[in-house]
Every structure is written in structure tokens, then in C-alpha cells.
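Protein chains in written order, with our numbering: chain H, 380 to 875; chain F, 380 to 875.
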């Protein structure tokens, strides 16, 4: 059976009264999802993945119509999205995400300890604000939705106007699949409209927010979430410059390879990646900016996600190019409406340090700022001035001493790359997508298996009768999940 | 060598300029602590514990002079505090707190996966606001300080004026012990004064705050932390009513035992516990409030922590007692200045539901509100109306069906007790001290080993050369800590 209310909400622009309906349904659904088994939720996630894969030939062209990202990229992104849903299903079944912990009574501790058993539980209904630049993977059925559903949190997604039809169709498919797989009514709803989004973050039934988008919009919603009578966590992935440091030795050894690699990374998808390498530090006098412009070649305009994004890109480029400390080395800052074409800018560490407010800004689109440094101290000062980023990268030669570089890159970023370009974010246990503010608003990741921790809170049961405990905390561990017992980690029974 | 600047800061009331000195010292210390080994930090924690134990005969009387909690309780609290420091040392050496995760490259995933290695790193300098009611365990060298230092975060403690001399002396002892054990200058500083505390939460060098105290003060500081240009996490443990539900069967079976147990719990330490059972639900017509008043007996005034706390207690009692829906069953609301004497109040579920804003308030001191319910539905409605609490408890008979009760208790609390009283918080891996707002401001615990997670953020290293990786992420796992490798949990090498 398909939940009719979900489909209605998914296909009309709701007013706040409709949001109340969705939120009440989510609250009722939570009574079921909070008590659901890991196996049930894994089945829901897999059903959603299967349904999306089955509709690939419909969804990919629809996404391309709205987002102009090309069918190859979008086919890959849909595959990534459904693989992600299935990975969360696997992780739920594995059971570590509950952090199940058993402490038996101990009269010898200070103070004496009763029987304590702890696990993580779902927070409650979660609001998800998808991104413009990933119509599948960071959107209606993306990582925030998948990780929230995996933990047992109902989800209300705010549809993104940049791909509204795709969002509605994706929601229909997901809602139907969830209902067919036995998930409760109200577990997943799409809502639309700016005002509704604002009301969503403030709605009493919402217990957390996942957001991917701009610093300006994200910070405004963060402020709303934090100033509620009952503040809720707002997990925002907002803005990043993603500095790249190229050492002298690396540039000497393989300048062409570096220029080609960087050109591919910063122009990919019209530069519309939150991990876009926006600032590249190179030794002074290396003429790397010119070499990069050559590698980019004749830049042709590429349609951007929205006219607004294209306008913002053009405006950002204009401001940078108009700065006395910046040269336009490749491409043109005269952008066509709705499109972006690759631009290589160049500056110096001195200029950047002198005016960080003007030069260290995310310019969302196919551009990068090549910054020449006199010595490593100056380069590291620029990295520090960039501050919180999703990624920071270094290109060095094998055996080079990186002992001064790595601590600084680690200080500013959530992911530190060696010899790589930051675009492309694998979905795995060890992934970290989120760094110091303003790149994100929390010390968590929005990509990878540990993204689930954002939507859980710990509960301890003290001296509970065996029969009221969740299966995962019962003495004999019927599901065989990994647990910590009396301080000692006990691996899953099926593992070695 | 003792860090002279720490001692100066610990013995004078600093102005913001002195805070800048402390914060700069903490930043410099962080450069060392972030690169320190687990073994080094474990040694620091143990040195602090040993030094505090060695000064027990000086510290306990000093604490009793200021806090009036009695030497027996304070001796136990100091032992708990030093045991806690040593437990964090053990946990740091065990290594799970780093959540070390290794994903080897895999070209078959969608998208293809590079080599990714992730662990949790310290956030940076942390501010700690200790509690009035635990001069040792939730104060200068309490759980927040211990868990922050354990992860490698320098700590700046705001001294509590209710036990300022004890705070200064404790800080001197801890600072000297840390310095002797090789911890860097600036790793631990005490500051004083209301204005300094406000400035501390807003100081650019501070990366997180641990707070235990009132809802009013805590929320004000939370708002400051959240509205910074760069918001930082504020882990506040604020306020709780801690509902207790007694079933008809339990009351029929052992009313005297329950009255005695409750009397001991709510009057302990003059009721000055954040886990004080402030509201107890009993079947209507059971005359349990009268029985409880008998169990309390002749209540004599006990000195409270501060005159302000005593005044607030008297005012809160007066407001409750003046409410048409409340009866004073035992003790008197005419309290002596500076003291609190036990008071038993009684009301009904109907009255409470009708005016939750007046009746469901934390009254910090030796009082409890016995609320009579007509049936279980009504009792659960009251629990829901109480909302976010540190604890929720049920007293039932063996074999009673708790399937409707447990979900509601779990919904409102971080710790759910069966047959126990909530005062007394064991320090262990499975402990959870923190529940839905307003009992705390984050989905984390301030007691127990997982308290460390509050002061860490994840960092992933992509394709890093072996030599730049932290030891915990090197391929051969030299420290033998538990890790997740390619999705599979690998227990520590020394464990079975």
C-alpha cells in the first residue's frame, strides 16, 4: 500500500498547515520506527534503493533536464545514491552504530555501579534540506535521508527548487517503496516552499536537521534551530575553499600532470562541488597559473544548476578579478547568463594575507585562485587564513618532509589528501565530509557510515529486567552485534 | 616545574586581558597536546589523580567549609573524582575513543574508493564551568576537565564562586601535577569572575564548552556559544525534574520500603542533585505522600550550598505551596535563611496537566512532589508533560507488564531506572548523564567514558604516506588498538 498523504504532500506545495500534517504523521511514524528492528529498517532502505534503480531510465533524464549535469554523471550519481542506501542497510545489520554497552554491577567501583546498559536511539523526526548540486546523492533520497531512516528517524525533506520535479518524482518512488516494504505512514514526506522550510526547522516535532547548501542560508537556519525554545542540532555542510598546497619539489617533478589534474578537478561539473579546490598554493615564479590555463584550454560556457548560481558565480568572479591583488590568467570573467566557463585567477600569498576577507571566499563554480608563496611559512599562513574547510590537500614528492605541513592541513580540514584532488567523496566507514566552521556546523560527517551518529542519542537502562531490554542489550546478545561488556570490546559473534 | 602563569591565574581574579593570556597559553599548549600520545595523556591524568588523593586531608575540610556537604560525602566525592581521572587514563590507553577506521582502496565501489583512514582528534581549548553541588566531581578537576584533557584538549576552568577557595587550591594542585608530569604550560588554567565566564564562551580560541548548572545561566551561555561568528558546541547539563512512576502493584507490595527509599534519595545532600527525584507518581488514594512524610520524620534545617540556592529553594517551594492544586504534606515551606529542610508536597495528575508551567519545575533542594494518578494513561501523560529529564524511574513488581511504560520513560530521559532511585551516578562505559532538552543541550553524556566524544572531531587522511599517519592509523597498528578495517571491527590485539 502506498501512503496517500505522502503522495499528496509530495506533489503540492504545502502551506504550514500541511507541514503540521506531515509533522504529526512523522511523530506517529516514530512510535513505530523507534521500536523497529534493524532488519526491518535495512529492508526499507534496500526497497528504496531497488525502486530508484528500477526507475533509472526515467529519473536520469529528468535530473538532466533540471540540473544540466549530463547523463553520465547523473547515472553515476544515482548508482552512488542507491549504493549508499544499501551500505547503510549493511551498517544497520552489523550493529556497531548502536554503540551497545553493558556494564555488570560492581560493588567495588567508586561509586558502586548498578547494572547499566546503554545504546543509541533515534532522536525523532528529522528535517533534510538537500543540495542543488547533487540532485540524487545529497537530496531527497541522499545521505542525510538514508542515515536518518537507518537509525529509525522519520524524515521530512524540503524539496530543492533547482530540481523540483525530480524531487517530487523521487519522493513518490521512495514513499511507495517504503510503504510496500512495510514502513509506517508518515516515515518519509516531501514538503516544498521557502516559508515551509523556515517553519520546518522551527517545528516542535522536528528533532534534528541535515542541511547541505550555502553559508548564508545554512547559517540562517542554524540560528533558527539554535534559538528554538528547545534547541535542536543543525548539521549543516555550508561552504569551503579547500586549499591545495603544491611543494616546490612536486612542481619541479610534474608540473604538467598537476596542471592537468587540477584543471579536471576544478572544472568538473562546472565546478559545482563543495569540495572544489578553490585555492592552490604554488611556489613563486613557477608560472603555474599560466600552465593551468593552458591545461584548461579554450573554456566554453557550461549551463550551471540555476540562473542564480550562475549570477553569483559571475559576481564572485567580478569581485575577485576587480581586486588589485588578483590577475585573470585564463578564461574570462564576462560570463554568459545561466552558464559558467572556466576561469584561472592568480594572486600572491602577500596579497591574500593582506585582504583575506576579499580573497578567501568560496566562488561556487569553475574557477580557482592560484596563489604564489615565497616560502613554506607563507604558504602555511595562507592555509591558516583560509580556515575551516571540508578538505585540504598537499602534493609533494615521495620522501619529502611533511611534518610542518600535515598539522596545519589537519587543523583546518575534515579530510586531508595526499597527491589527490578533493572532488569525489567516497562513501565508506572511514570517510569524513565536514570540517571546522564554516565548512560545517558540527563535529560530524554527512557522508559515510558514521553519519548515523548525528541522529541518535544515548539512553542507559539501569537494573532493567531482561524482558524490557532491547534485543541488542539482552544478556545473551541474540543478534550477535559488537558490544562493549565491562569495558572490553567484544566483536560480533560471526566475526573472527 | 610548575607553570607560574597557571598559579597566578588560579589565585587572582582575572580581567579579560588575563583571559587572553590564558587562552593564548591554551592555544600554544594545544600544539603540543594535539600531537601527544595516549600514554602521555594517561600519565598526566594519573598524576593529577595522585596529587589530589595526596592532598585529601587538606581538600576535604576546605570543601566542607565552603559547601557544607559533610566530610563523609566529600571524601567519597574526591575518591570518585580521582577514580574518574584514572578511568579516563585507562580508556585513552584502550584506544577505542579514537574510533580509528581504515578503508583500503577499492576500485569496485561506487564511487571508487581511495585509501581512507579516519580518527577523532581533539577540538582545541575547552572551557569548563563547574557545578555548585559537586565541588570535586563536576568542578575544577571533574568529568568535563578529565574528559577534555584525555582527548588532548587544553582546559580553562571558570571557578565556581560557591567554593572558590577550594577551586583555587584544586587548580594549584592539578596544575603542578600536570607540569611535573610533563604536560605543556597552558594546558590547564583557572579563571574567575562572572564577566570572565561570559568572555570565555565567546573567546576565539575556545572550541567547546562543558557546563553544569542552572537552566537560566546555561541557556544564556548556550545562546552566546551558538551565536558566535564561529558557533561552538555547548554541552550543558541544565535542569531536570526526574519523574518516578510507582505502580499500584509495587505500592501494594512495599509502600514502606518505597517511602524510605524515596525519603533517603530526595533529602540526600539537602536535595542538591541534578538527579533528584522531583516528582513521584503514585496511585490515587494511596496516601503515599503522608507515608513519605512519616519516613522523612522531623526535618531539620541543613545548610545549603549557597544563600542564593537556599533563597531560590524557599521561593520555589512558596510558589508551589501557594498553588491551589498543591498540598504541603510534610515539613514546612517556611525555610530558614541559608538552609533547606525536607518538604513533601502533593498534587494530582489532573492539576499538574492543567498547569504544567507552574507545577513541573525543578525545585533545587530537599523537596519532592507526590502526584496521584487515576490510571496509567494519566500517569504517562504527566511523564510526557515533564519532558526532557536526566532520569526517569519506574518501581514495579516482578513480571508486571511494562510495555507501555518503558517507551515513555525512554522518550523523556537519558537514563531509565528500574526499582532504583536516581541520585548516584556511576562512572562507567555504559553510563548516560544527559537527556532531552532542557536536561541537557546535546545528545551526549557528561559522565562516563563516552564523554570524551564531545571534545573530538573526525579527520580522514586520504592516500597518506605511512610515515605521516598517526600511529593509530598506520597499517600494522603498532599500538594494537581496536579499529574498523574495511568495515570489519577488529578488537585490540591483546584482547581475546
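Each residue gets a CB set at the ideal place from its N, CA and C atoms; glycine is no exception.
These numbers were taken from a predicted model, which means no experiment stands behind them.
Boundaries of the alpha helix (DSSP H) in which residue 482 of chain H is found, first to last residue:
As a working note, residue 482 of chain H is residue 103 in the first chain. It is not in any alpha helix (DSSP H) - residue 482 of chain H instead sits in the beta strand (DSSP E) that spans 480-482.
Taking DSSP as the reference, what is the three-state secondary structure of residue 877 of chain F?
Given that chain F is displayed from residue 380 to residue 875, the structure contains no residue 877 of chain F and the question cannot be resolved.
Leaving out five residues before and five after residue 771 of chain H in sequence, what residues of the same chain have Cβ atoms less than 6 angstroms from its Cβ?
Position 392 of the first chain, counted from the first residue, corresponds to residue 771 of chain H. The residues are 622, 788, 791, 792 and 795.
With burial defined as no fewer than 16 other Cβ atoms inside 10 Å of the residue's Cβ, what is the status of residue 614 of chain F: buried or exposed?
The residue you call residue 614 of chain F lines up with position 235 of the second chain. With 16 or more other Cβ atoms within 10 Å, it is buried.
Step through the CB atoms of chain F and report whether any lies within less than 8 angstroms of the CB of residue 500 of chain H.
Taking the first residue of the first chain as 1, we reach residue 500 of chain H at position 121. So, interface residue.
Residues in its own chain within less than 6 angstroms of residue 693 of chain F by CB, not counting five upstream and five downstream?
Stepping through the second chain from its first residue, residue 693 of chain F is reached at position 314. Result list for residue 693 of chain F: 714, in chain order.
Chain-ordered chain F contacts of residue 673 of chain H [CB-CB under 8 angstroms]
Residue numbering aside, residue 673 of chain H sits at position 294 when the first chain is read from its first letter. Near residue 673 of chain H there are no residues of chain F at all, since even the closest Cβ is about 27 angstroms away, more than 8 angstroms.
Would you check if the distance between the CB atom of residue 602 of chain H and the CB atom of residue 865 of chain H is smaller than 8 angstroms?
Against the first chain, residue 602 of chain H aligns to sequence position 223. Against the first chain, residue 865 of chain H aligns to sequence position 486. In this structure, residue 865 of chain H does not lie closer than 8 angstroms to residue 602 of chain H by Cβ.
Distance, Cα to Cα, residue 828 of chain F vs residue 634 of chain H?
Position 449 of the second chain, counting from 1, holds the residue named residue 828 of chain F. Position 255 of the first chain, counting from 1, holds the residue named residue 634 of chain H. Cα-Cα distance, rounded: 49 angstroms.
Taking DSSP's pairing of strands, which residues face residue 551 of chain F in a bridge?
Working through the second chain from its first residue, we reach residue 551 of chain F at position 172. DSSP lists no partner for residue 551 of chain F.
Can you find at least 3 beta carbon pairs, one from the stretch 398-406 of chain F and one from the stretch 555-567 of chain F, that sit closer than 8 angstroms?
yes
Got a sec: which bits of the stretch 392-417 of chain H sit with their beta carbon under 9 angstroms from any beta carbon on chain F, in order along the chain?
410, 413 and 414
Would you tell me roughly how many angstroms separate the C-alpha atoms of residue 756 of chain F and residue 600 of chain F, rounded to the nearest one?
The residue labelled residue 756 of chain F in the question sits at position 377 within the second chain. The residue labelled residue 600 of chain F in the question sits at position 221 within the second chain. One C-alpha to the other measures close to 37 angstroms.
Could you say if the stretch 657-668 of chain F and the stretch 728-745 of chain F meet the contact criterion of at least three C-beta pairs nearer than 8 angstroms?
yes
Does DSSP put residue 716 of chain F in a helix, in a strand, or in coil?
By one-based count along the second chain, residue 716 of chain F stands at place 337. Note: residue 716 of chain F maps to coil in three-state DSSP.
At a cut of 8 angstroms, does the stretch 421-431 of chain F reach the stretch 462-477 of chain F through at least three beta carbon pairs?
yes
Would you say residue 458 of chain F and residue 489 of chain H are within 8 angstroms of each other, going by their C-beta atoms?
In the second chain, residue 458 of chain F corresponds to position 79, counting from 1. In the first chain, residue 489 of chain H corresponds to position 110, counting from 1. Closer than 8 angstroms, so yes.
CA nearest to the CA of residue 706 of chain F, picked from F:750, F:395 and F:681
For the purposes of this step, residue 706 of chain F is identified with residue 327 of the second chain, where counting begins at 1. The candidate whose alpha carbon is nearest that of residue 706 of chain F is F:750.
Local Cβ density within 10 Å of residue 450 of chain H, reported as buried at 16 or more and exposed below that
Sequence index remark: in the first chain, residue 450 of chain H carries index 71 (1-based). Classification of residue 450 of chain H: exposed, given that the 10 Å Cβ count is below 16.
Measure from the C-beta of residue 481 of chain H to each C-beta in chain F and report whether the shortest distance is under 8 angstroms.
Here residue 481 of chain H refers to the residue found at position 102 when the first chain is read from its first residue. Taking Cβ atoms only, chain F reaches closer than 8 angstroms to residue 481 of chain H, which makes this a yes.
Can you list, in chain order, the stretches of the beta strand (DSSP E) that have 3 or more residues and sit fully within the stretch 548-634 of chain F?
567-570, 587-591, 613-616 and 622-625
Are residue 753 of chain H and residue 702 of chain H touching if we call contact CB-CB under 8 angstroms?
Here residue 753 of chain H corresponds to residue number 374 of the first chain, with the count starting at 1. Here residue 702 of chain H corresponds to residue number 323 of the first chain, with the count starting at 1. No, Cβ-Cβ distance for residue 753 of chain H and residue 702 of chain H is not below 8 angstroms.
Given a cut-off of 8 angstroms, decide if residue 447 of chain F and residue 682 of chain F are closer than it, judged by their beta-carbon atoms.
Translated into positions along the second chain, residue 682 of chain F becomes position 303. Translated into positions along the second chain, residue 447 of chain F becomes position 68. In this structure, residue 447 of chain F lies closer than 8 angstroms to residue 682 of chain F by Cβ.
Pick helix, strand or coil for residue 838 of chain F, following the three-state DSSP scheme.
In the second chain, the residue the question calls residue 838 of chain F occupies position 459. Three-state DSSP puts residue 838 of chain F in a strand.
For a contact meaning CB atoms closer than 7 angstroms, what does residue 808 of chain F contact in chain H?
Sequence index remark: in the second chain, residue 808 of chain F carries index 429 (1-based). In chain order: 480, 482, 863 and 866.
What does residue 521 of chain F reach in chain H if we use C-beta pairs closer than 7 angstroms?
Here residue 521 of chain F corresponds to residue number 142 of the second chain, with the count starting at 1. Near residue 521 of chain F there are no residues of chain H at all, since even the closest Cβ is about 14 angstroms away, more than 7 angstroms.
So, do the stretch 535-554 of chain H and the stretch 571-579 of chain H have three or more beta carbon pairs nearer to each other than 8 angstroms?
yes
Starting from residue 820 of chain F, trace the alpha helix (DSSP H) both ways and give me its first and last residue.
Numbered from its first residue, the second chain carries residue 820 of chain F at position 441. Neither: residue 820 of chain F is in no alpha helix (DSSP H) and is coded neither H nor E.
Residues of chain F with a CB under 8 angstroms from the CB of residue 633 of chain H: which are they?
Start at 1 with the first residue of the first chain, and residue 633 of chain H comes out as number 254. The contacting residues do not exist; residue 633 of chain H stays about 16 angstroms from chain F at best.
Less than 8 angstroms between CB atoms is the rule here; does residue 454 of chain H satisfy it with respect to chain F?
Position 75 of the first chain holds residue 454 of chain H. Not an interface residue.
Note down, in chain order, every chain H residue with its Cβ under 7 angstroms from the Cβ of residue 811 of chain F.
The residue you call residue 811 of chain F lines up with position 432 of the second chain. Neighbours of residue 811 of chain F on chain H, chain order: 497, 837, 838 and 839.
What I want to know is whether the C-beta of residue 528 of chain F ends up closer than 7 angstroms to one or more non-hydrogen atoms of the ligand MG.
Of ligands this structure carries none, so the ligand MG is not represented either.
Quick check: the stretch 604-619 of chain H against the stretch 816-826 of chain F, are at least 3 beta-carbon pairs closer than 8 angstroms?
yes
At a CB-CB cut-off below 7 angstroms, which residues of chain H make contact with residue 580 of chain F?
Your numbering for residue 580 of chain F matches position 201 in the second chain. Neighbours of residue 580 of chain F on chain H: none; closest Cβ ~14 angstroms, over 7 angstroms.
Are residue 672 of chain H and residue 709 of chain H close, meaning C-beta to C-beta below 8 angstroms?
For the purposes of this step, residue 672 of chain H is taken as residue 293 along the first chain, with counting starting at 1. For the purposes of this step, residue 709 of chain H is taken as residue 330 along the first chain, with counting starting at 1. A contact, by the Cβ cut-off of 8 angstroms.
Please report whether the beta-carbon of residue 347 of chain H lies at a distance below 8 angstroms from any beta-carbon of chain F.
For residue 347 of chain H there is no data in the structure shown, the boundaries of chain H being 380 and 875.
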